[in-house]
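Report on the structure given below.
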Amino acid sequence: MTRALIVIDVQNDFCPGGALAVAEGDSVVPRINAMMAETGTVVLTQDWHPAGHGSFASSHEGKAPMETITLPYGEQVLWPDHCVQGSTGAAFHPGLRTDPADLILRKGTNPAIDSYSAFFENDRSTPTGLDGWLRTRGITTVTLAGLATDFCVQFSALDAVRLGFETEVALDACRGIDLNGSMEAALTAMRAAGVTLTER
Ligand code: VGL
Ligand code: ZN
């Protein structure tokens with residue numbers, strides 16, 4: 001099999017009750033569990049920030065969550081504190097099957113650079129190593145699912161196409177944040193880049 005399923009950030013903080021809850025975030029869990037059973041290679045990503053991370057509004061005096069600032073690598077949305085390393089919020093949703101994972105990739109560990117994509121940090125140039133991991137295992141096609149459609153899923157999908165993978169996003173297995181129209185913008189950008197958007 002040359003296909004890998006990449007499951008993005010299905011963690012407590014992105015589910016209802018979490019610090020950066022995505023509406024219906026937990027509803028993707030049964031679908032993703034079923035998809036994992038059908039795919040040979042499975043990667044789970046985990047947003048994994050140190051306390052005081054540069055993407056947290058609390059790290060910037062006078063800033064509130066959902067405001068944006070300009071950092072050396074560009075625009076950055078400031079988030080509520082979320083997915084702090086080792087916290088319950090950073091743990092996978094308890095319903096998510098983790099046994100099928102061949103790789104669990106943690107990202108966002110650099111205090112100064114956020115990392116939405118599974119492939120690169122938000123400077124778009126510091127690699128996580130996932131490209132090489134997939135490529136050396138003969139993977140040519142990736143299916144993405146998880147949270148959030150308009151941030152980490154979108155960034156991962158755009159990088160995957162740019163790197164030459166045939167890229168599919170299973171929209172029914174994703175949920176978005178939708179900040180200032182970011183959901184519509186993400187779908188448009190992914191389509192334009194050549195990402196195949198599917199719905200069951
Ligand atoms: C995410 C915002 C901040 C995501 C992660 O998983 O989409 N969004 N950190
Ligand atoms: Zn994050």
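So the sequence shown is numbered by UniProt numbering: it starts at 1 and just counts up by one. Yeah, the Cβ is synthetic: ideal placement off N, Cα and C, and Gly gets one too. Nothing here was measured: the structure is a model prediction, and the numbers come from that model.
Inter-residue CB distance, residue i and residue j (contact presumed, cutoff 8 Å)
i, j, result
"Thr126", "Ile113", "7 Å"
"Asp26", "His82", "The Cβ separation is near 15 Å, so there is no contact."
"Val142", "Phe165", "5 Å"
"Val43", "Val7", "7 Å"
"Gly95", "Val29", "4 Å"
"Leu130", "Ala118", "5 Å"
"Asp13", "Gly108", "The Cβ separation is near 12 Å, so there is no contact."
"Met36", "Arg97", "6 Å"
"Val161", "Gly194", "5 Å"
"Leu179", "Met66", "6 Å"
Closer than 7 Å: residue i CB and nearest ligand 1 heavy atom
i, result
"Ile32", "no"
"Ile8", "yes"
"Tyr116", "yes"
"Cys152", "yes"
"Phe119", "no"
"Phe14", "yes"
Coil, strand or helix - residue i by DSSP
i, result
"Thr140", "coil"
"Gly95", "coil"
"Phe119", "coil"
"Cys83", "coil"
"Glu199", "coil"
"Val7", "strand"
Cβ-Cβ distance between residue i and residue j below 8 Å
i, j, result
"Leu101", "Leu78", "First, the residue type needs correcting, since residue 101 is Ala and not Leu in the sequence shown. For Ala101 and Leu78, no; Cβs fall outside 8 Å."
"Ala170", "Thr198", "yes"
"Ala4", "Thr41", "yes"
"Ala192", "Gln154", "no"
"Leu140", "Thr2", "Note that residue 140 is Thr in the sequence shown here, rather than Leu. Their beta carbons are under 8 Å apart, which means Thr140 touches Thr2 by this criterion."
"Gln76", "Asn122", "yes"
Residue i beta carbon near ligand 3 (any heavy atom closer than 7 Å)
i, result
"Asp47", "Of the ligands one can find in the structure shown, namely ligand 1 and ligand 2, none is ligand 3."
Say whether the stretch 51 to 63 touches the stretch 12 to 19, bearing in mind that this needs 3 or more beta-carbon pairs closer than 8 Å, one atom from each stretch. no
| query | Is it true that the stretch 171 to 180 meets the stretch 148 to 157, where meeting means three or more beta-carbon pairs spaced less than 8 Å apart? | reply | yes
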